[in-house]
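K.L.:
Numbered per the numbering used here, the sequence shown finishes at 1181, counting up by one with no gaps.
Just passing along the structure, written as structure tokens.
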Amino acid sequence: MSQSERESQRMPLRILIPADVDPVEVIGGAERALSAEAMELARRGHHVTVLTRALDATLPQQQEWDGYRIVRFPAPAGKGIRALLATLTAARKAFEAQLNGDTPHILYPQQPIVGAGVLQSALASPIPAVYCFHSPWSE
């Protein structure tokens, strides 16, 4: 059996990728890696959703892109502990709001802030999670 035949017999997974960056606006390696991984997972037949902050108000709240879905949520601008805590809360609420009875099979956080916000939700606790560590937070 060829690899493509084996892939076609697998059950497609619902994969949620919480990310601090937007795969549509590629300005560096984080966006490039996120975009490529989401696109490849979708190409293999999985149902992929990227949950990210709405850093560009001109982009739609939801968008289909390269075979996967992007859901953007409003997050506060700024730095410091207040902005961090508000972003964590916004990410948790956005995760819970977008579930609609369609719980992902796996959470695949790509960066720490939105990923941590999602993982704070009680609804996330039974879902297996794999964290992709690209680089230290400070970069």
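We put the beta carbon where it would ideally sit given N, CA and C, even for glycine.
Mapping DSSP to helix, strand and coil, what is residue 1052?
P.N.:
coil
K.L.:
What residue does the alpha helix (DSSP H) around residue 1100 start on, and which one ends it?
P.N.:
Element bounds for residue 1100: n/a, residue is neither H nor E.
K.L.:
Would you list the one or two residues that DSSP bridges to residue 1089?
P.N.:
Per DSSP, 1056.
K.L.:
Would you mind sorting residue 1074 into buried or exposed? The rule is 16 or more other CB atoms within 10 Å of its CB.
P.N.:
Residue 1074 is exposed by the Cβ-count criterion.
K.L.:
Let me know the secondary structure DSSP gives residue 1117 once reduced to three states.
P.N.:
coil
K.L.:
With three or more C-beta pairs closer than 8 Å as the rule, is the stretch 1154 to 1163 touching the stretch 1118 to 1137?
P.N.:
Yes, they touch.
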